[in-house]
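Novice: In the working numbering, the protein residues as written are 9 to 177.
We put the beta carbon where it would ideally sit given N, CA and C, even for glycine.
Okay, here's the thing in structure tokens:
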């Protein structure tokens, strides 16, 4: 893993694992508990992260964005009915697929054209989209930390620098 975006993706996987570890420490009801927040439950945040990550992997693998996006609601509904252990397995199966795809790439700066019906055309690079996946996950892991605190539980620290410390130990 030499390209910076590959290291960032590794951080994303590490941070997701930290969230799962914290959630599994808490009572089972916390994961699905309805709460007045950005999302109605932590399980819905995790489903959102997973579905988004899945959409982006399908797109960078060559599928048309709008076609992948159109199937997102069905996948989200499936995710929201699963127990946390099943969701964790799905997350890390997806991360294995990401890593296999990224390991096959000769150039992380490969140009991609993203065309969506809602935002139009964007010329970007593979590394930019990996950065987007990581940033998106970071944002929503922050939502989860805020929701946990709102429910009276400690959040989970997933700062990039903590990943660097653990990685270098």
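#1: Taking DSSP as the reference, what is the three-state secondary structure of residue 128?
#2: Which partner residues of residue 96 appear in the DSSP bridge assignment?
#3: Cα separation between residue 163 and residue 81?
#4: Which word fits residue 141, buried or exposed, when buried means at least 16 other C-beta atoms lie within 10 angstroms of its C-beta?
#5: Residues in its own chain within less than 7 Å of residue 175 by CB, not counting five upstream and five downstream?
#6: Start and end of the alpha helix (DSSP H) containing residue 25?
#7: Is DSSP giving residue 165 helix, strand or coil here?
#8: Say whether the segment 51 to 69 touches the segment 142 to 154, bearing in mind that this needs 3 or more beta-carbon pairs closer than 8 Å, one atom from each stretch.
#9: Starting from the Cα of residue 160, find the closest Cα among 43, 124, 21 and give me that residue.
#10: Is residue 239 helix, strand or coil by DSSP?
#11: Is it right to say residue 177 is buried, meaning 16 or more other beta carbons lie within 10 angstroms of its own, or is it exposed?
#12: Where are the alpha helix (DSSP H) runs, 4 residues long or more, that stay fully inside the segment 45 to 128, in chain order?
#13: Tell me which residues share the same chain as residue 136 and place their Cβ nearer than 7 Å to its Cβ, disregarding the 5 neighbours each side in the sequence.
#14: Please classify residue 33 as buried or exposed, where buried requires at least 16 neighbouring CB atoms within 10 angstroms.
#15: If we call anything under 8 Å between Cβ atoms a contact, is residue 59 one with residue 166?
#16: Nearest to residue 111 by alpha carbon, out of 170, 95, 134?
#17: Exposed or buried, which one is residue 9 when buried takes at least 16 other CB atoms within 10 Å?
Specialist: Let's see:
#1: By one-based count along the chain shown, residue 128 stands at place 120. In the structure shown, residue 128 sits in a strand (DSSP, three-state: E or B).
#2: Numbered from its first residue, the chain shown carries residue 96 at position 88. Answer is none; residue 96 lacks a bridge partner.
#3: Counting from one through the chain shown, the residue named residue 163 turns up at place 155. Counting from one through the chain shown, the residue named residue 81 turns up at place 73. For the pair residue 163 and residue 81, the Cα-to-Cα distance works out to about 28 Å.
#4: Looking up residue 141 in the chain shown gives position 133. It counts as buried.
#5: Numbered from 1 along the chain shown, position 167 holds the residue referred to as residue 175. Closer than 7 Å at the Cβ level, and outside the excluded window around residue 175, lies no residue.
#6: Start at 1 with the first residue of the chain shown, and residue 25 comes out as number 17. Start and end: 12 to 33.
#7: Along the chain shown, read from residue 1 onward, the residue named residue 165 stands at position 157. Three-state result, residue 165: coil.
#8: yes
#9: As a working mapping, residue 160 is identified with position 152 in the chain shown. Comparing Cα-Cα distances from residue 160 to each of 43, 124, 21, the minimum goes to 43.
#10: The structure shown does not extend to residue 239, since the chain is modelled only from 9 to 177, so the question has no answer here.
#11: Residue mapping note: residue 177 aligns to position 169 of the chain shown, counting from 1. Its Cβ having fewer than 16 others within 10 Å, residue 177 is exposed.
#12: 50 to 68, 73 to 78, 80 to 88, 92 to 111
#13: Position 128 of the chain shown, counted from the start, is the residue given in the question as residue 136. So no residue of the chain qualifies.
#14: Against the chain shown, residue 33 aligns to sequence position 25. Exposed, since its Cβ has fewer than 16 Cβ neighbours within 10 Å.
#15: Position 51 of the chain shown, counted from the first residue, corresponds to residue 59. Position 158 of the chain shown, counted from the first residue, corresponds to residue 166. Taking 8 Å as the cut-off, the beta carbon of residue 59 is found no closer than this to the beta carbon of residue 166.
#16: Numbered from 1 along the chain shown, position 103 holds the residue referred to as residue 111. Among 170, 95, 134, the Cα nearest to that of residue 111 belongs to 134.
#17: Locating residue 9 in the chain shown gives position 1, counting from the first residue. Note that residue 9 scores 49 on pLDDT, short of 50, meaning its location in the model is unreliable; the coordinates nonetheless yield the value given after this. Note on residue 9: under 16 other CB atoms within 10 angstroms of its CB, so exposed under the neighbour-count rule.
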